[in-house]
Amino acid sequence: MLRTLSIFSLCLALFIPCGALASEPLALLETAAQADDLLQPGLENYRVRIETAKVGEMIERMTASMPKDVPRPPAPVISKYWQRGAPHSLIVAEGEASPPYVAQMVERFSSTLAVELNALLLPADKIIERRELAASASLKTTTVALGNNTIQRVRIEFPAPTDLNQAFYKTGIRLPQKQIVALTFDIDGNSGSINELTILTADRLLLTAEIRYKQVASGYLPERIQVTSPDGHIDDLLEVTFAEIDGFELPKRIVRFIRRPDLKDELDVTFSNYLVNQTLPEQVRQQLTLGN
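Throughout the sequence shown, residue numbering follows my numbering, covering -12 to 279 in sequence.
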């Protein structure tokens, strides 16, 4: 019910007839994306400490050639800053001054540690790029009955292999961005959320991302994304465990598995010491606003 009301309110706010939204493929996608922006109203920002064993492992590898009597740098204190409306989160190493290679290591982790599952698909800051790409593509919708539910399927076929440049999804789930020939989005009729994305590349690589959600008072939070290929060679998983902090559902743990012929990796990240809706340092606010 809340989801239905939020979508209806969005139609009124944009002066777009809801019937028109239902018939326009791209508008269907944007409605799903904009409904995600309405999640957890009142949550404006947070700072949280991030911990992962990967940091210590990387420091150990980076210092392996150093003499044994040379002190190793301590693992940095890593903080994540999030602000509503900012194009990206900010990951920084704080505390004592760290060697340059430690800062580089944290930067390497940033793309994974800064991931926001509800912003991975149809990022709000790429709406203009999406419209431009869709203008030259073939778009169509179909409705699929599934028990007591219906799925609105939006198919986008590009006239030539296309570089999406993160217009339809971000890089946090390791989906290809270049040489894309077709995309298919499945929108759940009950929740209004995208529960499946299929990607076809010019070299005939077919990948499917399945998204599962946690229901909260204001909508649905993505909590599990699995990326697979039909031949089983690719089987990635990104899963979030949430905890209630100051009345909001926030990540407590993220586990990511990558299983591909050229890469096997596992990352386990925990989040603690949340500071919610506090005044952020000016430098942090500037970096969040600029997306740096």
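We treat Cβ as the ideally placed atom computed from N, Cα and C, and that holds for glycine.
Computed from a prediction, not measured in an experiment: that's the story for all the values here.
{"Check": "Spatially closest choice to I212 from Q202, K201 and L224, by CA coordinates", "Outcome": "L224"}
{"Check": "Per DSSP, cross-strand counterpart(s) of Y68", "Outcome": "R34 and L77"}
{"Check": "Collapsed DSSP secondary structure at A9 in the structure displayed", "Outcome": "Because A9 carries a pLDDT of 35, less than 50, the predicted location of this residue cannot be relied on, and no value is offered for it."}
{"Check": "Cβ pair F143, L162 closer than 7 Å", "Outcome": "Note on identity: in this sequence residue 143 is Ile, with Phe being the wrong assignment. For I143 and L162, no; Cβs fall outside 7 Å."}
{"Check": "Proximity winner among F258, L16 and N260, relative to L109 (alpha-carbon distances)", "Outcome": "L16"}
{"Check": "Unbroken stretches of the beta strand (DSSP E), 3 residues or longer, contained in the region 176 to 219", "Outcome": "181 to 188, 193 to 203 and 206 to 215"}
{"Check": "For Q236, the nearest candidate out of D190, A14 and L104 (CA to CA)", "Outcome": "Note on identity: in this sequence residue 236 is Glu, with Gln being the wrong assignment. Checked all of D190, A14 and L104; the closest Cα to E236 is L104."}
{"Check": "With 16 other Cβ atoms within 10 Å as the buried cut-off, status of G206", "Outcome": "buried"}
{"Check": "Segments of 3+ residues assigned as beta strand (DSSP E) that fall wholly inside the region 230 to 270", "Outcome": "235 to 247 and 250 to 263"}
{"Check": "Top-ranked residue by Cα proximity to P248, from D222, P268, M49 and P146", "Outcome": "D222"}
{"Check": "Integer Cβ distance of R272 from V256, believed to fall under 8 Å", "Outcome": "Contact doesn't hold; Cβ gap of about 24 Å is too wide."}
{"Check": "Within-7 Å CB hit, T18 to chain D", "Outcome": "Included in the structure is just one protein chain, with no chain D present."}
{"Check": "Anticipated Cβ contact below 8 Å, V89 with P63, distance rounded", "Outcome": "6 Å"}
{"Check": "Element boundaries [beta strand (DSSP E), containing T142]", "Outcome": "For the record, residue 142 in the displayed sequence is Arg; it is not Thr. That run of the beta strand (DSSP E) goes N136 to T149."}
{"Check": "Cβ-based neighbour list, P28, same chain, cut-off 7 Å, excluding 5 preceding and 5 following", "Outcome": "S205"}
{"Check": "The alpha helix (DSSP H) enclosing L120, as first and last residue numbers", "Outcome": "I114 to A122"}
{"Check": "Classification of T129 by the beta-carbon crowding that lies within 10 angstroms, buried from 16 upward", "Outcome": "exposed"}
{"Check": "Enclosing alpha helix (DSSP H) for K41 [first to last residue]", "Outcome": "A40 to M49"}
{"Check": "Element boundaries [beta strand (DSSP E), containing A132]", "Outcome": "S125 to L133"}
{"Check": "Helix, strand or coil at V102 [DSSP, three-state]", "Outcome": "coil"}
{"Check": "Buried/exposed call for E94, threshold 16 Cβ in 10 Å", "Outcome": "exposed"}
{"Check": "Coil, strand or helix - M(-12) by DSSP", "Outcome": "Confidence is the limiting factor: at M(-12) the pLDDT is only 41, short of 50, which leaves the residue's position unreliable and the question unanswerable from this model."}
{"Check": "Close Cβ partners of S76 (< 7 Å) along its chain, the five nearest in sequence each way excluded", "Outcome": "K67, Y68, W69, A101 and E103"}
{"Check": "Same chain, Cβ closer than 6 Å to P209, five either side skipped, listed in chain order", "Outcome": "L104, N105, I198 and Y200"}
{"Check": "Residue burial classification, D218 (beta-carbon count within 10 angstroms, cutoff 16)", "Outcome": "exposed"}
{"Check": "Pick from R117, M92, V168 and E226 that is closest to P60, judged by C-alpha positions", "Outcome": "M92"}
{"Check": "6 Å Cβ shell around I138 - same chain, five flanking residues per side excluded", "Outcome": "V131 and D173"}
{"Check": "Anticipated Cβ contact below 8 Å, S166 with P148, distance rounded", "Outcome": "The amino acid at residue 166 is misidentified as Ser; the sequence shows Gln. Contact flag correct, Cβ pair sits at about 4 Å."}
{"Check": "Cβ separation of I37 and L107, assumed to be a contact under 8 Å, to the nearest whole Å", "Outcome": "Not confirmed; about 18 Å, so no contact."}
{"Check": "Status (buried if at least 16 other CB within 10 Å, exposed otherwise) for M53", "Outcome": "exposed"}
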